[in-house]
Each structure stands twice: as structure tokens, then as C-alpha cells.
RNA sequence: GCCCUGGUGGUGUAGCCCGGCCUAUCAUACGGGACUGUCACUCCCGUGACUCGGGUUCAAAUCCCGGCCAGGGCGCCA
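Numbering (my numbering), first residue to last: 5 to 441.
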């Protein structure tokens, strides 16, 4: 409507009944209005919670009373008022308004109900995501996601990692594997990056030693599941002078610390979500691919050695293992060309997946650092080394042994917030059909 | 991409199997009114919908075919 006269002095959650008599300015949305004749109760919602504004006609005066009576749900308001301790009010206090400023009004009816009296379907919610995100339960997911990202950064900085940014506009399309999104790059064709893999490996040849990147990855697969998106956020690390075991230990630290930080700093959001939140052990169980197959077989799920695990197999194994666990020692043929084979048996490689029940949340490996072996492996996968020239050059002039992993930020958020659909954990998800909002 | 299920006011639903008393249920939201302690306030009045295209039939929200979209499952997924 007009420019703001005031600035917020307190979020709703910062006010207590001990502040009785104090003057405060709160700002937020009209969550609900209960008008009963000569007294009106307005629940104001802001990022941190709710606060009740009470307006008895006698005390607030004719004009202010009229102004409050005209308010509608989801109007944006600023209220200057006095904190009143009152046992009848929610949380033991309420605000008696002295002055009200309507900062903006909301059209009605709303496309969905932020007060959650009537549920809305996921599709409706995503179509109106800004309104959906006004709901405390939905905000809780993203506050936890933020806490997780903060924690991951903290752990990695503490462990001597350097945060980097690699290109998302890439030229290569010769790698095989996942489909890429083609884009036009002036007179040439280019692609959106599907992984920072090759770049973070090249950085191992620079002496930066430990790098990480938290960035989007793009995959043009027409998948249609609860755990895939076409744009995802990947937490990627690469560490030099390290092997697969070092990488797994780093992953344990990162994941464990994130659980602890979310538990300690976001207890309110955990409660809002109504989930049971358990901190995992510091060390996660480890089983080999062969052992995983045995578990699947014992539950009647057949897998041929050398194949990736089917959903059915993942579910069977997840049911047996529960929680977080590694699957190690994968057949080399199931893994990308840069994965280091085992010295004693090159049919098996130094790769690992980190699973949460039946959901893969991270995969990593020790990488090949020898030029000749790498070229040989590229050929073995049916790829052309000429397409990797820029990458292979980095292996010619002193590449240290190295290892790393990629952890899906969206999937990790699913685990932390116990969501069943990855779309719940992304603000504006991009899937096969959704390109807006 | 395949399979299953579904699409009814702003939102969420009942009705569909077994076509016709559907002038389509209920809740909530929304508009108007009454009410001084609500907290899913209560009460009264009102507005508002059958996914699209084709077919069967005297008659279609309801049966059939196709499209689009959604949810779930699978596949795909360095």
C-alpha cells in the first residue's frame, strides 16, 4: 500500500509474558481472525511463529477497531502494541494494538489454505508454492535443509576443505551414462552439467588437496519417481592423498554432524513436523556388494552378479539393514570409468554407496589417478578418450591419488525431515512435467 | 517410456460399481449479518463445481473410446 513507517522489533517467538507492558512492533500475515462482537482476536503469523493480537472495542477505540475488523486472512500487517501477560491468551501473552498499518492486502479466496484447516494435494501446493511455503510445516523442511547445508559446510571447512565453483555450462557429451540437457551456446551446442566430477578431479592436480562444491546438477532422464528430479543439488567433495576408506570416513563425519546439528538447533522444526528424530551412530554399517546380494537372495530377490541393484533388491536390503549403511566393493562394470579397481581383483572396484534404508543418498569412490589405466578404462566402457582430452591432460603431470563422493542434498533432506517425496524438499522442483513455477 | 488409480465449487471431498427423484453431498474458504475471551469461536443468510474431445442412450457426473494432467509403482538414472 505505502512505504513502511516502522521496523519490526520482535519476531513472535521472541516475545514472552515477562515483557508485560513493553511496547513492540510485530509484522507478518493475518493467519486468522475471530471477531466476536465487540472483541476481535487476530492471529499474526511470522517466520518464527504466531502471536495473538487482541482488540476489545472499548480499549482500542472506534477507529482502530474498525480498521482491524476490515482485515482479511493473509493481509500483510504491522502492529505497534503493548505486550499484555494474560493466562487466557495462547503462550500466556497477547498484544494490545496501539496502531495498525496494513502493508498489503491479499485477494480472496486463496488458491490454498495456509492455515491447514483443509488439506491440499501436492500438485496444488506446488502450483501455489509461495502460499504453501507460508505453512509452518513446509517452512520447517527448508529450515532443516538450511541447517544441514550450514552443518555440512562447517564440517568440511573444519576438515580443511576449500569451497569451489565449477562450470555448469559444459561442452562434453561423449561421456555416456545419463542424458544431458542441450542448450545453445552462441554458434555451438553446449550442455548443462550433470556432475562436477571431472572438474573436481582436475582440481586434485592443482594442490588444492581438498575441495567441495554445493551446486545444481542437471539430468535429462525421463524418470518419474518420488526420488528423482531433473535439477538437483549435489554436495560434492574430492580429496587428494586419500583412498576410498578416507572418503567414507569423511562422509560419516559430514552426515553424522548434520544429524547432530539439526537435532540441536532445529528441535522446534522437528516438533512442528511431528517426526521422531534419531541421531545415527558415528560409524555406519558396511556391507559389500556380495553381502548385499546375499541379503536380497535370502529374501527371494534374485540378482545377477555384476548388475546394479533393482528397486526390489534395494527394498529388501533396506528392510534388513535399516538406517544408514554403506554398500562397498561394487563390480567394476557397474561403475563409471574413473573408479579405481581393486589391486587384487580388478573385477571389483573401490566404490561405495551410502544408503538410508532403501534410498541411495551418496555414492563415491577412490578414483583412478594413473593416466594409462584411466585411458584403458574409458575405452573399456566404450567411450572415446578424445572426448576427454581436457580432463586427461590433468593426469599427465603429477596427479596424486584421490577419492571423493557426491551427496544428494535433496535426498539427504528427505531423510532428515522424513519426507516420502523429494519434491517436498525442493522449493521449486523441476521434474518431467514441471518447469514452473 | 510402461503399468495401476484418479480428475466434481477457491481448497478438500460424497455421489460413479448398478445411467433417470443430482435442481450434485459435506467441510472449509469467500460475501453479508448477530455476538466482549476466542483459540477449528458459535449461529443465521448468500455466492460457487461435474478435466477436455468424441461416442452409446429417450436420458450421462455416472457407461465406452481418445487426449491432457496428477498420484503411486516400475524402468531409465558416470
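Glycine included, every Cβ here is placed at the ideal spot set by N, Cα and C.
Going by CA-CA distance only, name the one from 222, 52, 214 that's closest to residue 162.
Residue 162 sits at position 158 when you count from the first residue of the first chain. Closest by alpha carbon: 214.
Residue 122 and residue 85 - do their beta-carbons sit closer together than 8 Å?
The residue you call residue 85 lines up with position 81 of the first chain. The residue you call residue 122 lines up with position 118 of the first chain. Cβ distance not < 8 Å, so residue 85 and residue 122 don't count as in contact.
Quick check: the segment 418–435 against the segment 145–157, are at least 3 beta-carbon pairs closer than 8 Å?
yes
Looking only at C-alpha atoms, which of 340, 297, 338, 333 sits nearest to residue 320?
Locating residue 320 in the first chain gives position 316, where the first residue counts as 1. Selected option, being the one with the closest Cα: 297.
Just the C-alpha distance for residue 39 and residue 74, rounded to the nearest angstrom, thanks.
Counted from its first residue, the first chain places residue 39 at position 35. Counted from its first residue, the first chain places residue 74 at position 70. Straight-line Cα distance between these residues: approximately 10 Å.
Can you tell which of 137, 295, 307 has its C-alpha closest to the C-alpha of residue 50?
As a working note, residue 50 is residue 46 in the first chain. Selected option, being the one with the closest Cα: 137.
8 Å Cβ cutoff met for residue 108 and residue 127:
The residue labelled residue 108 in the question sits at position 104 within the first chain. The residue labelled residue 127 in the question sits at position 123 within the first chain. No, Cβ-Cβ distance for residue 108 and residue 127 is not below 8 Å.
Whose C-beta lies closer than 6 Å to the C-beta of residue 436 among residues of the same chain, with five residues either side of it excluded?
On the first chain, position 432 is the one that residue 436 refers to. Cβ within range, chain order: 226, 228.
Looking at residue 402: is its Cβ nearer than 8 Å to the Cβ of residue 209?
Reading the first chain from its first residue, position 398 is the one you call residue 402. Reading the first chain from its first residue, position 205 is the one you call residue 209. Contact: yes.
Just grab the DSSP bridge partners of residue 237 for me.
Here residue 237 refers to the residue found at position 233 when the first chain is read from its first residue. DSSP lists 220 as partners of residue 237.
For residue 357, report the span of its beta strand (DSSP E) as first-last.
Against the first chain, residue 357 aligns to sequence position 353. That run of the beta strand (DSSP E) goes 355–360.
Ordered list of beta strand (DSSP E) runs contained in the segment 85–132, each at least 3 residues:
97–108
How far does the beta strand (DSSP E) with residue 186 in it extend, from its first residue to its last?
Counted from its first residue, the first chain places residue 186 at position 182. Run containing residue 186: 186–189, per the beta strand (DSSP E) assignment.
Taking all protein chains shown into account, do 16 or more other C-beta atoms lie within 10 angstroms of the C-beta of residue 259, making it buried, or fewer, making it exposed?
As a working mapping, residue 259 is identified with position 255 in the first chain. With 16 or more Cβ atoms within 10 Å of its Cβ, residue 259 is classed as buried.
Is DSSP giving residue 370 helix, strand or coil here?
On the first chain, position 366 is the one that residue 370 refers to. Note: residue 370 maps to strand in three-state DSSP.
Can you name, in chain order, every residue of its own chain whose Cβ lies under 6 Å from the Cβ of residue 140, other than the five neighbours on each side?
For the purposes of this step, residue 140 is taken as residue 136 along the first chain, with counting starting at 1. Result list for residue 140: 276, in chain order.
For residue 57, list the residues DSSP reports as bridge partners.
Your numbering for residue 57 matches position 53 in the first chain. Beta-bridge pairing links residue 57 to 46, 99.
From the DSSP output, in three-state form, read off residue 438 for me.
Reading the first chain from its first residue, position 434 is the one you call residue 438. Residue 438 falls in the coil class under three-state DSSP.
Per DSSP, which residues does residue 192 bridge with? Please list them.
Within the first chain, residue 192 is the residue found at index 188, counting from 1. DSSP output for residue 192 lists 189 as bridge partner(s).
Of the choices 110, 101, 132, 414, whose alpha-carbon is the least far from that of residue 116?
Here residue 116 refers to the residue found at position 112 when the first chain is read from its first residue. Answer by Cα proximity: 132.
So residue 330 is in the beta strand (DSSP E); what residue range does that whole segment cover?
The residue given as residue 330 occupies position 326 in the first chain. 328–332 is the extent of the beta strand (DSSP E) around residue 330.
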